[in-house]
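Note that the UniProt record's numbering gives residue 57 to position 57 of the sequence shown, counting from 1, and the numbers run on in steps of one.
Reviewing the structure listed below.
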Amino acid sequence: MLTVKDLNLYYGSIHALKEINLEIGQGEIVTLIGANGAGKTSTLRTLSGLETPKSGEILFGDTPLKTLSAHKLPSLGIAHVPEGRRVFSSMTVMENLELGAYTRKDKANFKADYDFVFEKFPRLKERRKQLAGTLSGGEQQMLAIGRAMMIKPKLLLLDEPSMGLAPIVVQEIFNIIKQINEAGTTILLVEQNANLALSIANKAYVLETGRVVLEGNAKDLLKDEKVKEAYLG
């Protein structure tokens, strides 16, 4: 579904991503793990058009993404839930969800998609008229994911969905991520909680200082002694 070849990204003179190669198959959950500053968020931002790579290829199916503007990617079926949630705090829950569907033309199908989001996140239904800025951190994360799902994405990019959340809320969010995947959405997950990420992923890539240093089956990496020592505590 998504192929990344020899991707290089610079911030000024800083070489942030170095010859990154990734392969994400349809229906998979693929996770990127690594320490802070390893290049995980930069990878997602480059894939979603928010950063412009110096060289390399990004293919979504047969469509090259490298030269496409970020605002064109949702209509291809790519949604990005950024680090820090970034909900529109002065708008209601429902208005945030409506914005997620902004690029879609099939308005007749919106009700089914709202129902899907509210089924996964019942608290959003209860709070649909509430301002997003008054929600708890966990509820804002649910809203950010729900808003992305209104795009009807084929590929969902998730950046640190567990950040700043209580463990019980994190478990709830990850259960829903698995359900979204089981319903047919491919997921690329960046997550500081490597243990949790590897436990739900099919495949994983380990990044260090902007370079992929290890890749493989997520369950195998969960048992890898070097990975355990470096990332799993």
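Heads up, the beta-carbon is just placed ideally off N, CA and C, and yes, glycines get one too.
Nothing here was measured: the structure is a model prediction, and the numbers come from that model.
Proximal residues to residue i (C-beta, below 6 Å), its chain only, five neighbours per side dropped
i	result
Val-227	Leu-221
Ser-75	Thr-103
Met-94	Arg-128
Met-149	Val-117
Arg-211	Lys-18
Gly-137	Gly-164, Leu-165
Leu-59	Thr-3
Val-170	Ser-162
Glu-215	Tyr-205
Arg-147	Asn-96, Leu-97, Gly-100
Coarse secondary structure for residue i, derived from DSSP in three states
i	result
Phe-60	strand
Gly-77	coil
Leu-155	strand
Gly-216	strand
Leu-188	strand
Ser-199	helix
Ser-42	helix
Leu-65	coil
Arg-211	strand
Tyr-231	helix
Glu-83	coil
Thr-31	strand
Asn-193	coil
Leu-131	strand
Rounded straight-line distance, which links the Cα of residue j to that of residue i
i	j	result
Phe-88	Asn-96	6 Å
Phe-110	Glu-23	31 Å
Ala-183	Phe-121	15 Å
Thr-92	Gly-84	18 Å
Ile-33	Gln-192	7 Å
Glu-51	Tyr-10	9 Å
Leu-68	Leu-156	17 Å
His-71	Lys-223	40 Å
Gln-141	Phe-174	11 Å
Ala-108	Glu-126	23 Å
Leu-232	Ile-151	34 Å
Gln-179	Asn-21	27 Å
Leu-196	Glu-225	17 Å
Beta carbon of residue i nearer than 8 Å to that of residue j
i	j	result
Asp-159	Val-213	no
Val-30	Ala-201	yes
Leu-7	Thr-63	no
Ile-177	Pro-161	yes
Glu-98	Arg-123	no
Ala-38	Glu-208	yes
Ser-42	Ala-16	yes
Gly-133	Ser-90	yes
residue 235	Leu-135	Nothing in the structure corresponds to residue 235, since the chain is present only between 1 and 233.
CA nearest to the CA of residue i, picked from the options
i	options	result
Val-4	Gly-25, Gly-12, Ser-162	Gly-25
Arg-86	Ile-145, Leu-59, Ser-42, Gly-56	Ile-145
Lys-219	Tyr-231, Lys-72, Leu-198	Leu-198
Gly-100	Ile-58, Lys-125, Tyr-114	Tyr-114
Gly-61	Pro-53, Ser-90, Leu-2, Glu-28	Leu-2
Ala-35	Val-206, Asn-217, Lys-223, Glu-225	Val-206
Val-190	Leu-44, Ile-14, Lys-107	Leu-44
Spatial neighbours of residue i in its chain, beta-carbon cut-off 8 Å, leaving aside the 5 residues before and after
i	result
Pro-153	Pro-74, Gly-77, Ile-78, Ala-79, Thr-185
Glu-57	Thr-3, Val-4, Lys-5, Asp-6, Leu-7, Pro-64, Lys-66
Lys-40	Leu-32, Ile-33, Gly-34, Asp-159, Val-190, Leu-207
Gly-27	Asn-181, Gly-184, Thr-186
Pro-53	Leu-7, Asn-8, Leu-9, Leu-17, Thr-46, Lys-66
Close-in-space but distant-in-sequence residues of the same chain around residue i (CB under 7 Å, 5 per side omitted)
i	result
Asn-217	Lys-203
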